[in-house]
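**Q** Pasting a structure below so you can have a look.
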Amino acid sequence: MIVQMMIGEGSQLSLSQLPEPMQELLTRELAAISLVDRDTVTAVAEEFLSEIESVGLAAPGTQDGAILALADHLSPELADRLRKQTASVRNGDHWPIITDLPVERLIAIMMAESIEVCAITLSKLSVAKAAEVLTQTPGDRARRISLAMSRTEHTPSDAVRIIGAALADEYGQTPLVAFEKAPVQRLGAILNATRADRRDDVLEGLGSEDPEFAGHVRKAIFTFKDIADRVKPIDIPNCIREVPAGVLAKAIAAGLAGDDDVRASAEYILSNVSQRIATQMREDAEELGPVKKSVAEAAMSEITTAIRGLVDLGTITLRDPDATEEDG
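Residue numbers for the sequence shown follow the working numbering, beginning at 24 and rising by one.
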């Protein structure tokens, strides 16, 4: 009745901000009203005014409003995460959060939830994504979920909405983690910038304490001696393009005079650039003569840093040291 009175007075109401079930209920309630006597209208209006006048505090009442009100007080990371969650939920529908989940997360739902819930979830996905999820779900489980699809035809919309909200709460939250990168990546990055003798000492200790972890760390490490095994020949010119000529000369000079691994990488660089550039690099290296260890390590580190930068940008990819020749 209040809504009808306000509309009758020409007021513009933002009813679209309400959840769709509430909008639907309001529409049905308004449709049930035909004629109301004046005394009843007056009584309702007075009760409504009394409720309004007794309000002592008005809060946002929605997550969007709460985030806006607290924007200057929440941590930027949390505020951004809450905005993303809210943007995915409109009119009480949490399913967009679920349909945007990566395939591996959806497979976790297929394996953990009831067959009926899995069938409803699969029905909400795009055809391509649903096919990929079903393909990666174990055979017997996939067959049972497919069979349950026939029982979803008459599932009430409210039940589907509740299931979506429950799944979003369980699987849609982005966990807060203390570190952006995994332990292997963090330690690998640290050892990349560590002196060679200390790096070798740490790796030796890791190998005796935790061989598996040590193996993963070795893969994450990329130093000058790894160039020959892990950089593709076609990528060498791109890798050294931004490295100053003087730095290249020091690294090549030290590499050619070093042990087998670093000498192999120095020769690998020279053999995968043009003959003219390779000749110039050799001449520059010979003019330098012996290079101090600290200077050599700094020069080699500058080259490997440039290479890792190209990897991070996706410009090049490194070869897996454990891959066979057929694997690439």
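We put the CB at the ideal spot given by N, CA and C, even for glycine.
1) Which value, in whole angstroms, describes the spacing of the CA atoms of D368 and Y194?
2) CB of G228 to nearest heavy atom of the ligand FAD: below 8 Å?
3) Taking the beta carbon of G162 as the centre, do at least 16 other beta carbons fall within 10 Å, making it buried, or is it exposed?
4) Do the stretch 305-325 and the stretch 265-285 make contact, defined as three or more Cβ pairs closer than 8 Å?
5) By Cβ distance below 8 Å, which residues in the same chain neighbour V126 in space, the five residues on each side in sequence not counted?
6) Consult DSSP for D282 and reduce its assignment to one of helix, strand or coil.
7) Please list, in chain order, all residues of the same chain as A219 whose beta carbon is under 7 Å from its beta carbon, the five residues on each side excluded.
8) Determine the closest residue to T328 out of R264, D223 and A171, with distance taken between C-alpha atoms.
9) From which residue to which residue does the alpha helix (DSSP H) around T158 run?
10) Do you know offhand how far D60's Cα is from E70's?
11) Rounded to a whole number of angstroms, what is the C-alpha to C-alpha distance between G351 and V183?
12) Across the stretch 289-300 and the stretch 329-336, are there enough close Cβ pairs to call them in contact, namely three or more that are closer than 8 Å?
13) For F202, is the classification buried or exposed, using 16 other Cβ atoms within 10 angstroms of its Cβ as the cut-off for buried?
14) Compare the Cα-Cα distances from T217 to each of E32, S317, M45 and S39 and report the closest residue.
15) Could you name each continuous alpha helix (DSSP H) segment of 4 residues or more that falls completely within the stretch 158-211, going from the start of the chain to the end?
16) Buried or exposed for K204, going by 16 or more other Cβ atoms inside 10 Å?
17) Looking only at C-alpha atoms, which of M323, D258 and E309 sits nearest to R342?
18) Using a 10 Å radius around the Cβ and a threshold of 16 neighbouring Cβ atoms, would you call M281 buried or exposed?
19) Compute the distance between the beta-carbons of I120 and G187, then report whether it is under 9 Å.
20) Would you say Q208 reaches chain C, if we count a Cβ-Cβ gap shorter than 9 Å as a contact?
21) Would you report the Cα separation of L226 and A237, rounded to the nearest angstrom?
22) Measuring CB to CB, does K255 end up less than 9 Å from G211?
23) Determine the contact status of L145 and M172, defining contact as a CB-CB distance below 9 Å.
24) Rounded to whole angstroms, what's the CA-CA distance from M29 to L148? Just pull it up for me.
25) So, at 8 Å on beta carbons, what are the nonlocal neighbours of D181 in its own chain, with the 5 sequence-adjacent residues on each side left out?
**A** Working from what's here:
1) Nothing about residue 368 can be reported from this structure: the residues present for the chain run from 24 to 351 only.
2) The ligand FAD is not among the ligands present in this structure, which contains no ligands whatsoever.
3) Locating residue 162 in the sequence shown gives position 139, where the first residue counts as 1. Burial call: exposed.
4) The way I'd put it, the stretch 305-325 does touch the stretch 265-285; three or more beta-carbon pairs between them come closer than 8 Å.
5) Within the sequence shown, residue 126 is the residue found at index 103, counting from 1. So the list reads K152, E155, V156 and Q159, once near-sequence residues are dropped.
6) To locate residue 282, count along the sequence shown from 1; it is residue 259. DSSP places D282 in the coil class of the three-state scheme, outside both helix and strand.
7) Locating residue 219 in the sequence shown gives position 196, counting from the first residue. E320, listed in sequence order.
8) For the purposes of this step, residue 328 is taken as the residue at position 305 of the sequence shown. When C-alpha distances from T328 are compared across R264, D223 and A171, the shortest belongs to R264.
9) The residue you call residue 158 lines up with position 135 of the sequence shown. Counting along the chain, the alpha helix (DSSP H) containing T158 begins and ends at V150 to Q159.
10) In the sequence shown, counting from the first residue as 1, residue 60 sits at position 37. In the sequence shown, counting from the first residue as 1, residue 70 sits at position 47. Rounded to whole angstroms, D60 to E70 spans 16 Å at the Cα level.
11) Within the sequence shown, residue 351 is the residue found at index 328, counting from 1. Within the sequence shown, residue 183 is the residue found at index 160, counting from 1. Residue confidence is low: G351 scores 46 on pLDDT, short of 50, so the model does not pin down where it sits. No coordinate-derived value is stated.
12) no
13) Position 179 of the sequence shown, counted from the first residue, corresponds to residue 202. That one is exposed.
14) The sequence position of residue 217 within the sequence shown is 194, counting from 1. Minimum Cα distance to T217 is reached at S317.
15) 162-171 and 180-194
16) Mapped onto the sequence shown, residue 204 falls at position 181. By the 10 Å Cβ count, K204 comes out exposed.
17) The sequence position of residue 342 within the sequence shown is 319, counting from 1. Minimum Cα distance to R342 is reached at D258.
18) Start at 1 with the first residue of the sequence shown, and residue 281 comes out as number 258. Here residue 281 turns out to be Gly, not Met, going by the sequence shown. When all chains shown are included, G281 counts as buried.
19) Stepping through the sequence shown from its first residue, residue 120 is reached at position 97. Stepping through the sequence shown from its first residue, residue 187 is reached at position 164. Result yes, Cβ atoms of I120 and G187 sit closer than 9 Å.
20) Among the chains in the structure shown there is no chain C, since it carries only a single protein chain.
21) Along the sequence shown, one-based indexing puts residue 226 at 203. Along the sequence shown, one-based indexing puts residue 237 at 214. Taking the straight line from one Cα to the other gives about 6 Å.
22) Sequence index remark: in the sequence shown, residue 255 carries index 232 (1-based). Sequence index remark: in the sequence shown, residue 211 carries index 188 (1-based). No; because the gap between Cβ atoms is not below 9 Å, this pair is not in contact.
23) Looking up residue 145 in the sequence shown gives position 122. Looking up residue 172 in the sequence shown gives position 149. Yes, the Cβ-Cβ distance between L145 and M172 is below 9 Å.
24) As a working mapping, residue 29 is identified with position 6 in the sequence shown. As a working mapping, residue 148 is identified with position 125 in the sequence shown. Each residue's alpha carbon lies about 41 Å from the other.
25) Taking the sequence shown and counting its residues from 1, one reaches residue 181 at position 158. The answer, listed in chain order, is P44.
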